[in-house]
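Asker:
So this is what it looks like as structure tokens:
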């Protein structure tokens, strides 16, 4: 649940959502759309693809509202839908790969910071999907290990181990790129 949302508010929205309440659906959309988009953006590398996946994830969630049992977090269920859509998108053959420099940087971001962000994005894209997923969930989305473990269908210990290996692989990829002159900073 988002840190700025009062305790129980999301739970009440989810109950109304399960009953088909459109206002609850709209509120849940506003509450989670940026995070779902960010997750898809990190996995897919394309703003356009991420927008399509985020839209499709919410559409699918709204169509299947009655199927949500409430066993886990709503966020986890929604991210699971987005994850499956991302995997489907990654399996599709592409005629043209659009580079992901369409990210909208912050107003005050320096050129060096933008270059570092791009270096990290490229290094992340070079990692296996399971590494990207755990890094995005734990380091970008700030999920705790138990929630990430449930989402990834792993034990908390296996998730922590995967996160350790993913962080190490990201460091190694950044270092390799730096040594080959493809990276601005390490």
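Residue numbers (this note's numbering): 104 to 289. Backbone N, C-alpha and C fix where the C-beta goes; we use that ideal spot for every residue, glycine too.
Determine whether the beta carbon atoms of residue 168 and residue 136 lie at a separation below 8 Å.
Answerer: No, Cβ-Cβ distance for residue 168 and residue 136 is not below 8 Å.
Asker: Residue 144: buried (16+ other C-beta within 10 angstroms of its C-beta) or exposed?
Answerer: By the 10 Å Cβ count, residue 144 comes out buried.
Asker: Going by other Cβ atoms of all chains shown within 10 Å of its Cβ, with 16 needed for buried, is residue 56 buried or exposed?
Answerer: The structure shown has nothing for residue 56, since the chain only spans 104 to 289.
Asker: In whole angstroms, give me the CA-to-CA distance for residue 233 and residue 131.
Answerer: Each residue's alpha carbon lies about 27 Å from the other.
Asker: Assuming residue 265 contacts residue 237 under a Cβ cut-off of 8 Å, what Cβ separation, rounded to an integer in Å, is found between them?
Answerer: Contact holds; Cβ gap of about 5 Å.
Asker: Cα separation between residue 269 and residue 111?
Answerer: Cα to Cα, the separation comes out at about 34 Å.
Asker: How close, in whole Å, do the beta carbons of residue 244 and residue 142 come, if the pair is a contact with beta carbons under 8 Å?
Answerer: With a Cβ gap of about 6 Å, residue 244 and residue 142 count as contacting.
Asker: How long is the line joining the alpha carbons of residue 187 and residue 214, rounded to whole angstroms?
Answerer: Distance between the alpha carbons of residue 187 and residue 214 is about 35 Å.
Asker: Hey, could you find the ends of the alpha helix (DSSP H) residue 151 is sitting in?
Answerer: Per DSSP, residue 151 belongs to the alpha helix (DSSP H) from 150-166.
Asker: Please look up how many angstroms separate the CB atoms of residue 258 and residue 252, rounded, as I've assumed it's under 8 Å.
Answerer: Indeed they touch by this definition, with Cβ atoms about 6 Å apart.
Asker: Three or more C-beta pairs under 8 Å: does that hold for the segment 175-192 against the segment 146-162?
Answerer: Touching, yes.
Asker: Check residue 245 in the structure and name its three-state DSSP category.
Answerer: Correct three-state label for residue 245: coil.
Asker: Following the continuous alpha helix (DSSP H) through residue 142, name the residue where it begins and the one where it ends.
Answerer: Taken as a continuous stretch (DSSP letters only), the alpha helix (DSSP H) holding residue 142 covers 125-147.
Asker: For the alpha helix (DSSP H) containing residue 214, list its first residue and its last residue.
Answerer: 214-228 is the extent of the alpha helix (DSSP H) around residue 214.
Asker: Between the alpha carbons of residue 166 and residue 134, how many angstroms are there, rounded?
Answerer: Going by the C-alpha atoms only, they are around 18 Å apart.
Asker: Nearest by alpha-carbon distance to residue 230: which of 271, 194, 262 and 242 is it?
Answerer: Of the listed residues, the one whose Cα sits closest to residue 230 is 271.
Asker: Report the CB separation of residue 150 from residue 222 in whole angstroms; it is logged as a contact under 8 Å.
Answerer: About 18 Å separates the two Cβ atoms, so there is no contact after all.
Asker: Could you check which residue in 115, 140 and 126 has the C-alpha nearest to that of residue 240?
Answerer: Among 115, 140 and 126, the Cα nearest to that of residue 240 is on 140.
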